[in-house]
Amino acid sequence: MTRLRSPVRWFGALAAGIGALLALSGCGGSASGVQAPTIQPAKTFQLTDFLPAKPVAAGRPTPLAFTIQQPSGAPLTQFRRGPGPHTGVHLIVVRKDLSVIVHHHPPVGANGRISDELTLPAPGRYRVVIDVYPQVSGPQRNFQLFRWITVGGAYHAKPLPPFASTDVVGGYRFTLHGTPALHAISPAFLTITVTRPDGTPARFTPWFGALAHAIFFRAGSLDYFHTHVCSPGASGCTSTLGVSKITGSSTAVGKLTVGVLVPVGGTWRLFLQCMVDGHVLTAPFTLKVT
Ligand SMILES: [Cu+2]
């Protein structure tokens, strides 16, 4: 999905280059009497008036705001709605070394302005992924827009932890069963069980429209994908990558069948997020994809 927009950007750059060449060679001037074609910049969705515009301080609440501009130039104000997770605007901020993740679904103002606040704990660069579900007719599904935020200070990258099948978060134990064999563009499933601190199976509370969110980032390039586990019978839970589709499921208390679908091989970090007993839990797993 991240790749869909690049040809458009490339065309925009090409168009700008041709425009510059025409101007340099004098072909576009009215003096010659030749009518050159007028080439407009490529029309795409883009972010405008993004905040923060400057590096921010670690550990302090920072306003984050932006408007999504439509190809027409007007702000995007209509977003998909409904009970599932594929609605509105998803804001995901990840540190370059994948040691920190923030996942919000900020509200959208009537004028399309999206305003949020986040606290980034440590210096370094953070990738902002804005996953947008517009309410538009036609085949357009969701798309992503990107920015970087810099947190001032000396950056010390944390090495990515190796694969481990168990992750304990706030006393809740996430266990990945079996050894996953994962391949790019090929849908696969991970069976993960979650138990409470007292050992009983965790009961998931729907959060942002899903029982669990599986957010995938590739180490180094920060390629991104996102799948969901929804309540049985829920709609709007399927993620699509090209012609591949995937939907997670939960058939027993404390059990998640998590869909994995990523565009390229490499080392990926899965951030599995769910709400249990009023706590939002984020369990990261390192995965190898061939
Ligand atoms: Cu999600």
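Here the numbering used here runs 3 ahead of the position in the sequence shown, where the first position is 1. Glycine included, every Cβ here is placed at the ideal spot set by N, Cα and C.
Between the CA atoms of Thr41 and Ser242 - distance to the nearest angstrom
Their Cα atoms are separated by approximately 39 Å.
I need the DSSP call for Gly156, collapsed to helix, strand or coil.
Here Gly156 sits in coil by DSSP.
Report the partner residues of Gln49 according to the DSSP bridge assignment. Beta-bridge pairing links Gln49 to Gln72.
Measuring straight from C-alpha to C-alpha, what distance separates Gly62 and Pro137?
The alpha-carbon of Gly62 is positioned some 32 Å away from that of Pro137.
Run through the DSSP bridge pairs and tell me what Phe192 is partnered with.
Within the DSSP secondary-structure output, Phe192 pairs in a beta bridge with Gly262.
Given that a residue counts as buried once 16 or more other Cβ atoms are within 10 Å of its Cβ, and exposed if not, what is Thr253? It is worth fixing the name first, because residue 253 is Ser in this sequence and not Thr. Around the beta carbon of Ser253, 16 or more other beta carbons sit within 10 angstroms, so the residue counts as buried.
Could you pull the start and end residues of the beta strand (DSSP E) that Trp210 belongs to?
Where Trp210 is concerned, there is no enclosing beta strand (DSSP E), given that its DSSP letter is neither H nor E.
task = Would you kindly check if the distance between the Cβ of Leu123 and the Cβ of His107 is under 9 Å?
result = Remark: C-beta atoms of His107 and Leu123 do not approach each other more closely than 9 Å.
Checklist line | Which of helix, strand or coil DSSP assigns to Pro162 | finding: Note: Pro162 maps to coil in three-state DSSP.
Just the residues with CB closer than 5 Å to a heavy atom of ligand 1, in chain order, which are they?
Selection output, chain order preserved: Pro88 and His216.
- Item | Sequence-distant residues of the same chain with beta carbon closer than 8 Å to Pro165, five excluded per side | Taken in chain order, the residues that qualify are Thr289.
For Thr230, which three-state DSSP category applies? The answer is strand: DSSP assigns Thr230 an E or B state.
Check: Would you call the region 254-270 and the region 124-131 touching, i.e. three or more CB-CB distances under 8 Å?
Finding: As far as the Cβ criterion goes, the region 254-270 does not touch the region 124-131, which means the pair count is below three.
**Prompt:** With a CB to CB cut of under 6 Å and the five nearest residues on each side skipped, what residues in its chain are close to Arg150?
**Reply:** For Arg150, where only same-chain residues beyond five positions count, the Cβ hits under 6 Å are Phe53 and Val131.
Q.
Excluding the 5 residues flanking Thr334 on each side, which residues of the same chain have their C-beta closer than 6 Å to its C-beta?
A. This structure gives no information on residue 334, because the portion of the chain shown stretches from 4 to 293.
Minimum C-alpha distance to Thr47 - residue among Ala77, Pro64 and Val261
For Thr47, the nearest C-alpha among the options comes from Ala77.
| Is the beta carbon of His180 sitting closer than 9 Å to the one on Thr196? | Against a cut-off of 9 Å, the Cβ pair of Thr196 and His180 comes out as a contact.
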